[in-house]
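>
Set out below in structure tokens:
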């Protein structure tokens, strides 16, 4: 059974694209995206990163970016907030401008990825958080990003603490932009719980398919979880678990050559026929038809 590649380390990601960049800090690195214009490849096939990625771009041309199953074509000025485990791919035909920040939750001093979501819900793994920025917003973000680049390069005393503080500032700036881009703001606690629920579903969806399992992990009742998720997302908690299983099935059907029966057993269906029946009901096509239409 082959899957979508998971790149665990920042340097591993750089090496796989032909970038000469390297970092001695396994938990954090930032680079000016102009330094990526010497890439040896102009496209990157579907992959997952095991760390957070924040891309702040302004002036980039001819870039197609896919996050989860949504493709954004010819994006120019934007922010990408990619959580660990999200599926990404990209293709570019021109130079990049802006900054890319790669970091793990331990660098931010949050106890876990789920705790980080309390302050920065735009890293919700179920969402495709690519949203536009204007020139003023980019300029404000670029000031902090450039200072982080300088601190990273000079190696002066307390540079880790300063970089951590500046990263926090950037993340809060992004949250302000993110909330401003939303048509209807969601009550904060509901948004936090929804983000944490999606995070847990992404971690455990193969082996835990009951809403009660996730309610236990969040130390709340299944009824409270269901009501909150419904209010925050318009969907039931059960449907979100099902969607995540089928979303993974779509990734594997599109991006691998695994047999349908292999995919069914990998996703913990008792029989391939159960998988096919559910897939057809929810997607309105059989797994084979989906693969043929999306290869």
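Residue numbers (this note's numbering): 186 to 480.
C-beta: ideal position from N, C-alpha, C; glycine also.
1. Give the secondary structure of residue 478 by DSSP, where H, G and I count as helix, E and B as strand, and everything else as coil.
2. Do you know offhand how far residue 329's Cα is from residue 433's?
3. Looking only at its own chain, which residues have a Cβ that is under 6 Å from the Cβ of residue 212, when we skip the five neighbours before and after it?
4. Residues bridged to residue 161 by DSSP?
5. Quick one: any contact between the segment 306-314 and the segment 187-206, if contact means 3 or more CB pairs under 8 Å?
6. Would you mind reading off the limits of the beta strand (DSSP E) that contains residue 242?
7. Looking at the secondary structure, which residues open and close the alpha helix (DSSP H) in which residue 339 lies?
8. Would you kindly work out how many angstroms separate the C-alpha atoms of residue 374 and residue 392, rounded to a whole number?
9. Measure the alpha-carbon distance for residue 395 versus residue 407 and round it to whole angstroms.
10. To the nearest angstrom, report how far apart residue 443 and residue 427 are at their CA atoms.
11. Within 10 Å of its beta-carbon, does residue 281 have 16 or more other beta-carbons around it, so buried, or fewer, so exposed?
12. Evaluate residue 456 with the Cβ neighbour count: other Cβ atoms within 10 Å of its Cβ, from every protein chain shown; 16 or more gives buried, anything less gives exposed.
13. What did DSSP end up calling residue 195 once you bin it into helix, strand or coil?
14. Are the Cβ atoms of residue 272 and residue 436 separated by less than 7 Å?
15. In whole angstroms, what is the alpha-carbon distance linking residue 338 and residue 349?
16. Rounded C-beta distance between residue 208 and residue 229? I'm assuming under 8 Å.
17. What whole-angstrom Cβ distance do residue 363 and residue 302 have, given they're in contact under 8 Å?
18. CB-CB under 8 Å to residue 403, same chain, minus the five flanking residues each way: which ones, in chain order?
19. Which residues does DSSP pair with residue 255 in a beta bridge?
In terms of the structure at hand:
1. DSSP, read as helix, strand or coil, puts residue 478 in helix.
2. In this model, residue 329 and residue 433 are separated by some 36 Å (Cα to Cα).
3. Contacts found: 289, 291, 292.
4. Residue 161 falls outside the range modelled here, since the chain spans only 186 to 480, and no answer is possible.
5. Touching, no.
6. Taken as a continuous stretch (DSSP letters only), the beta strand (DSSP E) holding residue 242 covers 237-242.
7. Element bounds for residue 339: 320-339.
8. If I take the Cα positions, the gap works out to 27 Å.
9. Each residue's Cα considered, the two are about 9 Å apart.
10. Spanning the two alpha carbons is a distance of roughly 21 Å.
11. Looking at its Cβ environment, which holds 16 or more other Cβ atoms inside 10 Å, residue 281 is buried.
12. Label assigned to residue 456: exposed.
13. Correct three-state label for residue 195: helix.
14. With contacts defined by Cβ atoms closer than 7 Å, residue 272 and residue 436 form a contacting pair.
15. Rounded to whole angstroms, the gap between the alpha carbons of residue 338 and residue 349 is 14 Å.
16. Beta-carbon to beta-carbon, residue 208 and residue 229 are separated by about 19 Å, too far to satisfy the 8 Å threshold.
17. By a beta-carbon distance limit of 8 Å, residue 363 does not contact residue 302. Their separation comes to about 13 Å.
18. The beta carbon of residue 403 lies closer than 8 Å to those of 378, 381, 382, 385, 410 in the same chain, with the five residues before and after it left out.
19. As computed with DSSP, residue 255 is found in a beta bridge with 252.
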